[in-house]
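Note that the protein sequences, when read in sequence, are chains A and B.
For the first sequence, position 214 matches number 214 in my numbering, and the numbering has no gaps at all.
For the second sequence, position 32 matches number 1032 in my numbering, and the numbering has no gaps at all.
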Amino acid sequence: MTDATEVSKTEVTRTVGANGARQLTFEIFRFNPLDPDSAPRMQNYTLQEEPYMTLYRALNKIREEQDPGLQFDFACRSAVCGSCGMMINGRPTLACKTLTSDLTETIRLHPLPAFKLIGDLSVDTGTWFREMGQRVQAWVHEREAFDPDAIEEPMDDELAVAIYQSDRCIECGCCVASCGVANTRAGFLAPAGMNRVARFMMDPRDTRSADDWFDVVASDEGVFGCIGLMACQDVCPKELPLLEVYAYLRRRALGSAFVRKRS
Amino acid sequence: MERIETTDVLVIGGGLAGERCAMEAAALGQRVIILSLVPPRRSHSCAAQGGMQAALGNCFKAAGDSPDLHFLDTVRGSDWGADQEVARIFSDNAPVAVRELAHMGVPWTRLRPGSNQYHIKGETVIIEEPAEKAGLIMHRDFGGTAKWRACYAAAGTGHAALYAIDGEVLRLGIEVRDRAEALSLIHENGQCHGAVTRCLRSGRVGAILAKATVIATGGYGRIYGRYTTNATINEGTGAAIALATGVVPLGNMEAIQFHPTGLWPSGILVTEGCRGDGGYLLNRDMERFMVELEPAKQELASRDVVSRHMMGQIRDGKGVDHPGGPHLWLDLRHLGEEHLTTKLREVYEICRDFLGIKPWEELIPVRPTQHYSMGGIRVNKDGQAYGMRGLFAAGEAACWDMHGFNRLGGNSLAETLVAGRIVGGYVAEFAADHQVETETGLVLGFLQETEQTIADWLARDGDGPNVYQIRDAMGEIMMGKVGIFRQGDELAAAVSELSALHASLDTAVLRCRDPGPNPELSFALRLKGMLRLALVCAKGALAREESRGAHSRIDFPARDDRNWLKRTLVRWGAEEETPRFSYEPVGLIDLPPGDRGYGHSSHVDMDISLQQYNETVLAQQQEQGLLPTREPMGASLRPGAWHDAEARAGLAKT
C-alpha cells in the first residue's frame, strides 16, 4: 500500500510541468490505406495538458500544430452526433466528451474495430448503420397514410418516454466495437441493431407483428447470437439499457416461436 | 464511380431540410442523390434540443393558440425584418409538420392530464391539464411567444426528428453519399446544372449534373471560430458556393443570432427549454437581473434581447470571473433531479460530461454564443434562388426569410420541415419539366477549375501562414468586432483585418500532401468561402446604420423603419475583387411595424404608408432577381387574419 502511494507520488512529481499541468503522451494508430507508402503503426505525440481538456481539443491541437495529416472525425463536439467513437486506452467511447484528466498520462488511441477503416482514427460507421437500417427496415410501418387535416393520435406519455429512451441511440458504434460477436461475425445485428428493432417493436404506430420480426431477430445473427458478455451496456455513451433490450427481444422471439410451433 | 454523373435532383446537405426536401421529391417520382459531409444522422439538426414551434394549442398554457398568434410572434421576433408572407406560410403549416413527424414515429412528449407542477416566472404553480387532451402533444414555454407552443421530445427534439426523417429516406431508397461535399455550382446564363463534388473518403473530384439542385447545408457559425454552438461542419459551404456564382445574392448576412446560454468556455449549447421550464439567469451577486430588466417576459424575452442584457451585465462588472473571460450563471437547481434527468436529460448529460456537475446541485456557467445564421441564399417563397433557375435552398442555408433579424427559439426546426416539404414539392415539379441540358465543355471547365485550385494548394511552398492560423484570426475578429454589440469604427476595422486575411490566403501553405482525403486540404478548400462570408457579414453590418433584432449598433441604437425596412443583398463572383451590395423591400407588410413587447427600443417611423410600401415590393424584388413564383405574391398572406387573434385568445392587444 505504502509503496504504491510512493510510486504514484513520484509519477505525479515527474509529470507535472511548470504550470501545474501534465505532459501527455499520445500513442496514436496511423495508417492511410490510400497511401502506398503508409503501413499500420503507432505514432507518439506529446502535448501539454490544459484544464478541462477534452480529446476533441487535444486531437485538434495535435493535428493543427504537429501533424496536419492526422485523420479523425468530430462534428457536434457535444456527445450527440456520434461521430467520434474511438478506442481510448482500449475502451470504445466518444472522444469529444472524454477529459484527459480522467486518463493516464500516456493515452493510447485506436480506431473502432468492426468497421471499415478510412484512415488513422476514422472509420466508416455510416455505411454499417445504413445497411443495418435497411435490414431492419428502421422506419414506422404505419397503418395508413398521413392525413394532414387530422389531429395527432393520442399516446400515453409513459410510452412516449419509453420509446424516446430507446430512440436515444446516436449510432456511434461503440457497442458494436465492444461486441465479441460483431467483431467476429459480419452479419450479426449487434446491440445497436437490436436496440433499433426493439424501438420499433414497442411502438404501437408500427404494424409489424412479432411474427414479422421473427426472422430478423430469432437467429444467431439476431438476439440468439449474443454470447452474453454485455460489454455493450458498459460502454454505451448514452447509457442505453441494452441488457433489458436483449431480454425483451428474447422474450418476444420465444413467445413468437411458441405460437408458431403450436399452430 | 464515373467522373460525371447525372440525376434528376441533387440535394447538397443531409440535415432535416435537405432530407425532408429529398423525401418530397423522391415521393413524387424524382431520382434524388443527397450529398452529406457526414452520415446524415450526424448532421447538426441532431443537436437541436428544446423544441419545435407549432400552434397546436394542446395544454392549459397553450389554450387559444393559433397560427395567427404564431405569425404575430414570428414577425415581432424578427423585428419586422421577415418576409411576412413566408412567416404566414410557415405558421400555417407548422402544425402539419409536427403531426406528420408524430405519424413517422417521433416520440413527442405527451400531455399528462390532471395536476402538473410547473415553474413559471419564479413561482411554483400547479396546473390542471384537461382530460380531453390526454396524450396529445405537450408544449413547453420558449422565448418571445405568447403561448406555450414548443413541441418537444425531452431535450433531444432534433435528434428524434432527424432519425424519423432519415428513416423515411431509407424507406424511399434515396441514394445518400456521406463524406461528400460540393465545391462549386455548375451554371451558365442563369441556369444551374449541378455541382462539382469531392469525395472525403478518397479525395476524388467529380461532377453531378441535375435538373434541380438544392442547397441545404445549414448555417455559417464557424466563421466565428470557436465562439459558436455550431458543429465543426457548419462552415457555410452552401452559401459560399452560391455566392461564388456572382449571380445568386445572399440575404441579410449580417443577421447573426447569439444564443444566451452557450456553455462557457466550450460554447456547447444549453437549450432555451431550460429557461422555458423555469430556469433563471443570475449575475455574480446571484441577482435575477432579467426580472427588473424585462418585467413582462423576464428570462423569456427573445434571444437577441436576453443576450444583450447578459452582455450588459458583464460590461457592468457583474459577470463571474473566469480565466477565459467573465460569464453568468444559469440556475436550474429548483427544477429538481427528476425533471432534469427526464425532460431536460440532454442538459443533465452535458453538465455531467463537460463540467462534472449535477445541475440540481450546482450552477451552470453560460455566456451568449454565436448560434444561428438568419442570413443565407436568397430565395423566393417556393425556395427558388434569386437569379438562377434550377437552384433552390431550404433551411438555415436559405434566406427564405421568416426570421428577419432574429429567429425565435424552436422556429428553425419547424422551418426545416415546413420548407423542406414545400420546396421539395416545387423542386419535383421543376425537375419533371426540365432535362439535363448542358455542354460537356462547360462541365469540364468547372471540373478543371476545381482541380487547378487543388493543384495550386498542393504546389504552393514558402513560409506563409497555415490555414488554421487564418481561421483562428477570423474567429477572433468576428467575435471581437462583429459580435453582439456593434459599432462603426470596430466594424470598419473588422472589414480591413478580414480583407488582409483574405489576401493572405494567396500565400497560405499546406503542410500535408498525403494522398486521399487530406484533412488540411479539405479545410483549405472551404476557407476562402468562409472568409468571404465573414467579409460580407462585416460589411453588411457596417452599412446597416440602425439596430434591428440581433444587429445592434451602439452608434445607431434605434430601429429605422424609414430607411432600413429592407433586406441586404450581396453578390460576389469568384473572380471579382470586392462584393456588390444592394437592397430590396423585406416583402409585403401585413402587421405594421411597432413595439415588440420586450427589449425596449426606440424606432424611427416609416414616412410612407404601408400601401405605398407594398406597391413597390414586387417590382423591386424582381429587379433584384426574384424569379416567378407558382402563385402570385401575397396569395398566401391572408391579410388581416391576425386582427382579433389576440383578443380571441384572451391576450391584451399590443
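The beta-carbon is built from N, C-alpha and C at its ideal position, and this holds for glycine as well.
Just how far apart, CA to CA, sit residue i and residue j?
| i | j | result |
| --- | --- | --- |
| Asp147 of chain A | Gly1105 of chain B | 14 Å |
| Thr98 of chain A | Thr54 of chain A | 5 Å |
| Gly85 of chain A | Thr125 of chain A | 9 Å |
| Leu1172 of chain B | Val1096 of chain B | 21 Å |
| Thr1369 of chain B | Ser1636 of chain B | 35 Å |
| Pro1265 of chain B | Glu1476 of chain B | 14 Å |
| His1334 of chain B | Trp1360 of chain B | 7 Å |
| Gly1218 of chain B | Gly1273 of chain B | 22 Å |
| Ala182 of chain A | Val217 of chain A | 15 Å |
| Cys1351 of chain B | Gly1156 of chain B | 15 Å |
| Gln23 of chain A | Arg77 of chain A | 23 Å |
| Val12 of chain A | Phe1060 of chain B | Per-residue confidence for Val12 of chain A stands at a pLDDT of 40, beneath the threshold of 50, marking its modelled position as unreliable; no derived number is given. |
| Leu249 of chain A | Trp128 of chain A | 22 Å |
| Asp35 of chain A | Asn1518 of chain B | 11 Å |
| Asp1277 of chain B | Arg168 of chain A | 21 Å |
| Asp1560 of chain B | Ala1240 of chain B | 29 Å |
| Asp102 of chain A | Lys238 of chain A | 18 Å |
| Asn1230 of chain B | Arg1562 of chain B | 35 Å |
| Gly264 of chain A | Ala1063 of chain B | Absent from the model: residue 264 of chain A. The displayed extent of chain A is 1 to 263, so no value can be given. |
| Arg1003 of chain B | Leu1183 of chain B | 15 Å |
| Tyr1583 of chain B | Phe1430 of chain B | 28 Å |
| Ser38 of chain A | Asn32 of chain A | 6 Å |
| Ser8 of chain A | Ala21 of chain A | Confidence in Ser8 of chain A is poor, its pLDDT being 41 and thus under 50, which makes the residue's placement unreliable; the coordinate value appears in the next sentence. Approximately 16 Å between the Cα atoms of the pair. |
| Ala4 of chain A | Phe26 of chain A | Here the model assigns Ala4 of chain A a pLDDT of 40, short of 50, so the residue's position is not dependable, and the following value carries that caveat. For Ala4 of chain A and Phe26 of chain A, the distance between alpha carbons rounds to 24 Å. |
| Arg1177 of chain B | Gly1236 of chain B | 19 Å |
| Ser1115 of chain B | Gly1014 of chain B | 41 Å |
Below 9 Å on C-beta distance, what does residue i contact in chain A?
| i | result |
| --- | --- |
| Gly1105 of chain B | Trp139, Val140, Glu142, Ile163, Asp167, Arg199, Phe200, Asp203, Arg205, Asp206 |
| Cys1274 of chain B | Ordered by position in chain A, no residue passes the 9 Å Cβ test against Cys1274 of chain B, which lies about 15 Å from the chain. |
| Asp1321 of chain B | Chain A residues near Asp1321 of chain B: none, gap ~15 Å exceeds 9 Å. |
| Gly1156 of chain B | Val80, Tyr164, Asp167, Arg168 |
For residue i, which residues does DSSP report across the bridge?
| i | result |
| --- | --- |
| Gly119 of chain A | A:Ser122 |
| Asp1382 of chain B | Paired residue(s): none; Asp1382 of chain B is not in a bridge. |
| Pro1365 of chain B | B:Trp1329 |
| Leu1479 of chain B | Sequence inspection shows Met at residue 1479 of chain B; the Leu mentioned does not correspond to that position. DSSP lists no partner for Met1479 of chain B. |
| Cys1151 of chain B | B:Met1052, B:His1139 |
| Cys1192 of chain B | B:His1187 |
| Val1604 of chain B | B:Asp1560 |
Would you mind telling me which residues of chain A sit closer than 8 Å to residue i, beta carbon to beta carbon, in chain order?
| i | result |
| --- | --- |
| Asn1518 of chain B | Gly69 |
| Leu1136 of chain B | Ile151, Glu152, Pro154 |
| Leu1269 of chain B | Ser78 |
| Glu1346 of chain B | Val80 |
Could you check which residue in the options has the C-alpha nearest to that of residue i?
| i | options | result |
| --- | --- | --- |
| Gly187 of chain A | A:Tyr52, A:Phe26, A:Ala114, A:Asp102 | A:Ala114 |
| Ala1524 of chain B | B:Glu1415, B:Asp1506, B:Lys1539 | B:Asp1506 |
| Met1633 of chain B | B:Ser1602, B:Pro1592, B:Val1586, B:Ser1582 | B:Val1586 |
| Met1286 of chain B | B:Asp1304, B:Val1248, B:Leu1330, B:Thr1261 | B:Leu1330 |
| Gly1225 of chain B | B:Glu1576, B:Glu1615, B:Arg1630, B:Val1467 | B:Val1467 |
| Ser1412 of chain B | B:Met1052, B:Ala1026, B:Arg1532 | B:Met1052 |
| Ala1473 of chain B | B:Gly1395, B:Ile1186, B:Gln1191, B:Ser1496 | B:Ser1496 |
| Gln1469 of chain B | B:Arg1031, B:Lys1539, B:Arg1638, B:Leu1498 | B:Leu1498 |
| Gly1549 of chain B | B:Glu1338, B:Leu1293, B:Val1196, B:Gly1081 | B:Gly1081 |
| Gly1573 of chain B | B:Leu1185, B:Ala1027, B:Ile1208, B:Ile1589 | B:Leu1185 |
| Gly225 of chain A | A:Ala257, A:Cys179, A:Ala198 | A:Cys179 |
| Leu1408 of chain B | B:Phe1071, B:Arg1303, B:Leu1293, B:Val1247 | B:Arg1303 |
| Gly1029 of chain B | B:Ala1047, B:Val1009, B:Gly1015, B:Arg1042 | B:Val1009 |
Give me the Cβ distance between residue i and residue j, rounded to the nearest whole Å; I'm assuming they're in contact under 8 Å.
| i | j | result |
| --- | --- | --- |
| Gly1221 of chain B | Gly1376 of chain B | With a Cβ gap of about 12 Å, Gly1221 of chain B and Gly1376 of chain B do not count as contacting. |
| Thr1109 of chain B | Lys1343 of chain B | 7 Å |
| Ser1400 of chain B | Val1617 of chain B | At residue 1400 of chain B the sequence reads Trp, which differs from the Ser that was named. Trp1400 of chain B to Val1617 of chain B, Cβ: 16 Å. No contact. |
| Lys1597 of chain B | Ala1150 of chain B | For the record, residue 1597 of chain B in the displayed sequence is Gly; it is not Lys. The pair is not a contact, with the Cβ atoms about 18 Å apart (cut-off 8 Å). |
| Thr1074 of chain B | Met1402 of chain B | 6 Å |
| Ile1268 of chain B | Phe1354 of chain B | 6 Å |
| Ala192 of chain A | Met230 of chain A | Going by Cβ atoms, the distance from Ala192 of chain A to Met230 of chain A rounds to 14 Å, so no, they are not a contact pair. |
| Pro1260 of chain B | Tyr1386 of chain B | 33 Å between Cβ atoms; not a contact. |
Quick one: list the residues of chain B neighbouring residue i, beta-carbon separation under 7 Å, in chain order.
| i | result |
| --- | --- |
| Asp35 of chain A | Asp1514, Pro1515, Gly1516 |
| Asn32 of chain A | Asp1514, Gly1516 |
Against residue i, what residues of chain B qualify as contacts under a CB-to-CB distance less than 8 Å, listed in chain order?
| i | result |
| --- | --- |
| Met64 of chain A | A small correction: the amino acid at residue 64 of chain A is Glu; Met does not occupy that position in the sequence shown. Asn1466, Tyr1468, listed in chain order. |
Verify the contact flag: residue i, CB atom, against every heavy atom of the ligand FAD, threshold strictly below 6 Å.
| i | result |
| --- | --- |
| Val1098 of chain B | Absent from the structure shown: the ligand FAD. Ligands present: none. |
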